[in-house]
Amino acid sequence: MNALLPQLAAVAEERGYLFVFTDVQKINDSEQNSFFNNAISSSFLLDNIAEFAGERGQKTIFGSMDVKSLKEDYARCEKGDGYYYDVEADRLMKLKFIKTEE
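Note that the sequence shown covers residues 11 to 112 in the working numbering.
Rendered as structure tokens:
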């Protein structure tokens, strides 16, 4: 991962591609986990962000967020809700995804 991920990220940025990890397995090695988290510049979360940050997301880029504040700011999580986190700008936005039948 240490050799391949930076190369893939550089090529993706150079070509204007979006690098997507749809579901990341738990990385038990703390050094590898930190390396992976530091390689992420933005993230989408299609889950209740307060619950995720407080439970499963402890060792992710969302793990350092204040769960109490997340609950206050984003208390209701309904179907279609998602979150975009710009890691570099430390900016979190709530999004609404709408499915159409076209």
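Virtual Cβ for every residue (Gly too), placed ideally from N, Cα, C. In this text, all values refer to a predicted model and were calculated from it rather than measured experimentally.
Can you check which of these residues, the options, is closest to residue i by C-alpha distance?
{"i": "LEU55", "options": "PHE31, ASP76, ASN43", "result": "PHE31"}
{"i": "GLU41", "options": "THR70, ARG66, PHE62, LEU18", "result": "THR70"}
{"i": "SER44", "options": "GLU61, ARG101, GLN68, ALA60", "result": "GLN68"}
{"i": "LYS78", "options": "GLU61, GLU111, GLU88", "result": "GLU61"}
If I follow the unbroken beta strand (DSSP E) through residue i, where does it start and stop?
{"i": "SER52", "result": "52-55"}
{"i": "LEU80", "result": "Segment 77-83 is the alpha helix (DSSP H) holding LEU80; no beta strand (DSSP E) there."}
{"i": "GLY73", "result": "No beta strand (DSSP E) contains GLY73, which DSSP labels as neither H nor E."}
{"i": "MET103", "result": "101-106"}
Is it the case that the Cβ atoms of residue i and residue j are separated by a distance below 8 Å?
{"i": "ILE108", "j": "GLY92", "result": "no"}
{"i": "ALA49", "j": "LEU15", "result": "yes"}
{"i": "SER52", "j": "ASP96", "result": "yes"}
{"i": "ILE37", "j": "PHE46", "result": "yes"}
Is any heavy atom of the ligand GDP found at a distance shorter than 7 Å from the C-beta of residue i?
{"i": "ALA99", "result": "The model depicted lacks the ligand GDP and carries no ligand whatsoever."}
Enumerate in chain order the residues of its own chain whose CB-to-CB distance from residue i is below 6 Å, with the five nearest sequence positions on each side excluded.
{"i": "ALA22", "result": "PHE29"}
What residue does the alpha helix (DSSP H) around residue i start on, and which one ends it?
{"i": "GLY64", "result": "59-64"}
{"i": "LEU14", "result": "14-25"}
{"i": "ASN47", "result": "40-48"}
Whose C-beta lies closer than 7 Å to the C-beta of residue i among residues of the same chain, with five residues either side of it excluded?
{"i": "MET75", "result": "ALA63"}
{"i": "LYS104", "result": "TYR84, ASP91, TYR93"}
Quick one: residues in its chain with C-beta nearer than 8 Å to the C-beta of residue i, no 5 flanking neighbours on either side, listed in chain order?
{"i": "MET11", "result": "GLN42, PHE45, PHE46"}
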